[in-house]
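For the sequence shown, the positions run 166 to 377 when our numbering is used.
Note that CB positions come from ideal geometry on N, CA and C, so glycine has one too.
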Amino acid sequence: MSTIRLGDIAPNFTANTTEGEINFHEWLDAGWGVLFSHPADYTPVCTTELGTVAKYKLEFDNRNVKVIALSVDSLEDHRGWIKDINETQHTTVNFPIIADEDRKVAQLYDMIHPNADDNATVRSVFVIGPDKKVKLMLTYPASTGRNFKEILRVIDSLQLTAYHKVATPANWNNGEDCVIVPTVTNEEIPGLFPKGHVEVKPYLRLTPQPNL
Ligand code: BEZ
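Structure (structure tokens):
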């Protein structure tokens, strides 16, 4: 098991998936990626999660994000369960699911938390940038299904702040005002943020979202 921190290169691996064997870094190619684990196949919350991700395909595509799921179940289980997800969630699973039966990837990404469950993966999420670096990590317990709208919202923030000298405030959504990062001087603001800005405090300066 390795400790993964923000800014680290996402560990590479090869794995069997429902869409064939992949080399993770090659599969990511030059785009963004989301690697997320779920505790087990044929479980209720996971069924709703994977159905939800399938329904958001266009949202992920529009952000140039590939999504891949993982649990320590077999390919055979994944394939059978996908039929149930499609039937019950009224969708078509359109992303690969890793069959991590030997827990190789789960251990590499520290997705098994023994004090929560010895055998099952927790609900981990890793967002990986085009530079293959980890940009975000989330960990949810088995009992709580994730909010994938939040994951899309975070990706909007990550993709914006990667290219503009802004950060996004609490509860920010795409299209809303952003915070100018503290390293930008007041003299630089007109050149960087021609739409203007409001100085609430010298350290709290807001500007319209720059990439719209
Ligand atoms: C679920 O996906 O519903 C689930 C999985 C493991 C434990 C509890 C719930």
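Checklist line | Inter-stretch contact (C-beta, 8 Å, three-pair minimum) for the segment 169-188 and the segment 260-267 | finding: yes
Next item on the list: Let me know the secondary structure DSSP gives Asn188 once reduced to three states.
Entry: Under the three-state reduction of DSSP, Asn188 is assigned to strand.
Next item on the list: Along the beta strand (DSSP E) that carries Arg288, what are the first and last residues, could you check?
Entry: 288-293
Check: Quick one: is Gly356 buried, meaning 16 or more other Cβ sit within 10 Å of its Cβ, or exposed?
Finding: Its Cβ having fewer than 16 others within 10 Å, Gly356 is exposed.
Notebook entry, point to check: Any idea what DSSP makes of Leu301, helix, strand or coil?
Noted result: Here DSSP, grouped into helix, strand and coil, assigns Leu301 to strand.
Check: For Ala285 versus Pro204, is the C-beta distance shorter than 7 Å?
Finding: yes
Note to self: Let me check one thing: in DSSP terms, what residues is Val331 bridge-paired to?
What the structure shows: Ile345
Check: In three-state DSSP terms, what is Phe380?
Finding: Because residue 380 is not part of the residues shown, which for the chain are 166 to 377, the question remains open.
Next item on the list: Output the boundary residues of the beta strand (DSSP E) element that contains Val363.
Entry: Run containing Val363: 363-366, per the beta strand (DSSP E) assignment.
Note to self: Once DSSP output is grouped into helix, strand and coil, what is the label at Arg370?
What the structure shows: strand
Next item on the list: Mark Asp238 as exposed unless 16 or more other C-beta atoms lie within 10 angstroms of its C-beta, in which case mark it buried.
Entry: buried
Next item on the list: Determine the direct distance from the alpha carbon of Glu214 to that of Thr257, and round the result to whole angstroms.
Entry: 13 Å
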